[in-house]
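Since the structure comes first, as structure tokens, the remarks are kept for the end.
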Amino acid sequence: MPDVNFILDFQKNKDYPYLEEINEGIVKQIPPAKGSATILDVGAGRGLLGAALAQLGYEVFALESNVFIAEEAKKRVHQVICADLHEVATVRDVLQGKKFNYLVFSDVLEHVYDPLQILRDYQEFLQQDGKILISLPNVANWLNRLRLVFGIFNYEMTGVMDRTHIRFFTFGSAKKMVKASGCNIEKVDCTPFLVRAFLPIIKSLLGRHKSGNTNSIIASPYYKFYCKFLYPIEYWISRLIPGLFAFRIILVASKIAGEKTE
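Just so we're aligned, residue 280 is where the sequence shown starts under the numbering used here, counting upward by one.
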């Protein structure tokens with residue numbers, strides 16, 4: 280199991296602090312809640328995504344292993360379970376039979392050695408008609424392919440080749456894993472990787488601000504301009520050839536009735 284504290288310490292390095300962003304690829308898959316509805320955000324971090332989902336009317340439960348980051352998440356979501364995602368028994372004890380309309384794995388499964396088993400284990404917390412939303416980095420994007428042509432395979436501070444990533448996925452391998460977990464894939468989507476390819480540089484520049492504001496990306500007027508005008512164009516292009524121009528692989532899945540996941 281990876282050293283989670285190492286990962287978090289690395290993200291908070293003084294030269295490259297952890298800067299938050301909302302995974303829009305996940306948010307757009309979830310409609311506004313109708314009545315009482317719940318979400319379990321597995322590997323929630325500081326709860327920024329959870330807060331966005333809460334604004335849609337959901338009661339959001341967040342699973343986060345780091346005590347200090349979990350405290351920050353508590354300000355944004357309904358309840359935080361402070362436990363490692365591998366500690367399924369602990370999660371089970373806390374939830375006491377509670378089942379959710381949605382399970383969210385946003386940029387989480389690439390950090391564990393056996394993501395297939397995690398998907399199998401967590402299906403017990405999903406309602407029979409619930410959905411699983413998964414976001415994974417696309418290792419076969421155009422920039423990585425270009426690098427491999429020149430024999431370059433280096434880990435980086437952030438992005439698809441983040442040095443804390445243990446597993447790597449393409450659209451094909453991601454879909455294969457989800458199907459092997461006993462789920463039916465209902466939708467395949469993506470987030471674009473054109474302007475996004477330069478995000479490490481942007482993060483480094485914003486990270487040098489002395490404010491210590493981890494929210495500096497989404498609070499930036501440039502980010503808001505990008506979301507409103509550039510992102511729709513990027514997204515349209517990425518949908519044409521997602522294997523090449525996608526940054527994140529987005530999968531929406533559901534349990535297959537009667538399928539055993541053990």
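Here a beta-carbon is modelled for each residue, glycine too, at the ideal position from N, C-alpha and C.
Only a predicted model underlies this, so the values are computations on that prediction, with no experimental measurement involved.
query: Alpha carbon to alpha carbon, what distance is there between Tyr434 and Phe384?
result: Against the sequence shown, residue 384 aligns to sequence position 105. Against the sequence shown, residue 434 aligns to sequence position 155. Rounded to the nearest angstrom, the two C-alpha atoms are 22 Å apart.
task: May I ask you to list the residues that DSSP assigns as paired with Glu338?
output: For the purposes of this step, residue 338 is taken as the residue at position 59 of the sequence shown. In the DSSP output, where bridge partners are listed per residue, Glu338 has Thr317.
Beta-carbon proximity list for Leu422, same chain, < 6 Å, skipping 5 on both sides: In the sequence shown, the residue the question calls residue 422 occupies position 143. For Leu422, where only same-chain residues beyond five positions count, the Cβ hits under 6 Å are Ala476.
- prompt: Should Ile465 go down as buried or exposed, given a rule of 16 or more other Cβ atoms within 10 Å for buried?
  reply: Position 186 of the sequence shown, counted from the start, is the residue given in the question as residue 465. First, the residue type needs correcting, since residue 465 is Glu and not Ile in the sequence shown. By the 10 Å Cβ count, Glu465 comes out exposed.
- prompt: Taking the runs of the alpha helix (DSSP H) that are 4 residues or longer, which of them lie wholly in the region 388-462?
  reply: You should have 394-401, 421-428, 450-459.
query: Hey, out of Gln402, Thr470, Leu382, Tyr381, whose CA is closest to Pro416's CA?
result: To locate residue 416, count along the sequence shown from 1; it is residue 137. Measuring from the Cα of Pro416, the nearest candidate turns out to be Thr470.
field: Candidates Ile516, Glu350, Phe447, of which the one nearest Leu395 by Cα
entry: Position 116 of the sequence shown, counted from the first residue, corresponds to residue 395. The candidate whose alpha carbon is nearest that of Leu395 is Phe447.
task: Pull up the CB-CB distance for Leu327 and Arg355, whole angstroms please, since I reckon it's below 8 Å.
output: In the sequence shown, counting from the first residue as 1, residue 327 sits at position 48. In the sequence shown, counting from the first residue as 1, residue 355 sits at position 76. Going by Cβ atoms, the distance from Leu327 to Arg355 rounds to 7 Å, so yes, they are a contact pair.
- prompt: Do Gly322 and Leu382 come within 8 Å of each other at the CB atom, strictly closer than that value?
  reply: As a position in the sequence shown, residue 382 is number 103, starting the count at 1. As a position in the sequence shown, residue 322 is number 43, starting the count at 1. No; because the gap between Cβ atoms is not below 8 Å, this pair is not in contact.
- request: Find out if the Cβ-Cβ distance for the pair Leu332, Ile318 is shorter than 8 Å.
  value: Here residue 332 corresponds to residue number 53 of the sequence shown, with the count starting at 1. Here residue 318 corresponds to residue number 39 of the sequence shown, with the count starting at 1. Against a cut-off of 8 Å, the Cβ pair of Ile318 and Leu332 comes out as a contact.
task: Measure how close the beta-carbons of Leu412 and Val531 come, nearest whole angstrom, since I'm counting them as under 8 Å.
output: By one-based count along the sequence shown, residue 412 stands at place 133. By one-based count along the sequence shown, residue 531 stands at place 252. Going by Cβ atoms, the distance from Leu412 to Val531 rounds to 6 Å, so yes, they are a contact pair.
- prompt: Helix, strand or coil for Lys503 per DSSP?
  reply: Along the sequence shown, read from residue 1 onward, the residue named residue 503 stands at position 224. In the displayed model, Lys503 falls within a helix according to three-state DSSP.
- request: Compare the Cα-Cα distances from Pro511 to each of Gln375, Ala352, Leu473, Glu343 and report the closest residue.
  value: By one-based count along the sequence shown, residue 511 stands at place 232. Among Gln375, Ala352, Leu473, Glu343, the Cα nearest to that of Pro511 is on Leu473.
message: So Tyr619 and Ile445 are supposed to be a Cβ contact under 8 Å. How far apart are they, rounded?
response: A question about residue 619 goes unanswered here, because the residues of the chain that appear run from 280 up to 541.
field: Spatially closest choice to Arg325 from Arg399, Leu405, Ile301, by CA coordinates
entry: Here residue 325 refers to the residue found at position 46 of the sequence shown. When each option's Cα is compared against that of Arg325, the closest is Ile301.
- prompt: In angstroms, rounded to a whole number, what distance separates the CA positions of Met456 and Ser533?
  reply: Reading the sequence shown from its first residue, position 177 is the one you call residue 456. Reading the sequence shown from its first residue, position 254 is the one you call residue 533. So the two alpha carbons sit approximately 13 Å from each other.
message: Tell me the DSSP secondary structure of Leu473 in three-state form.
response: Translated into the one-based positions of the sequence shown, residue 473 becomes position 194. In this structure, Leu473 counts as coil in the three-state DSSP scheme.
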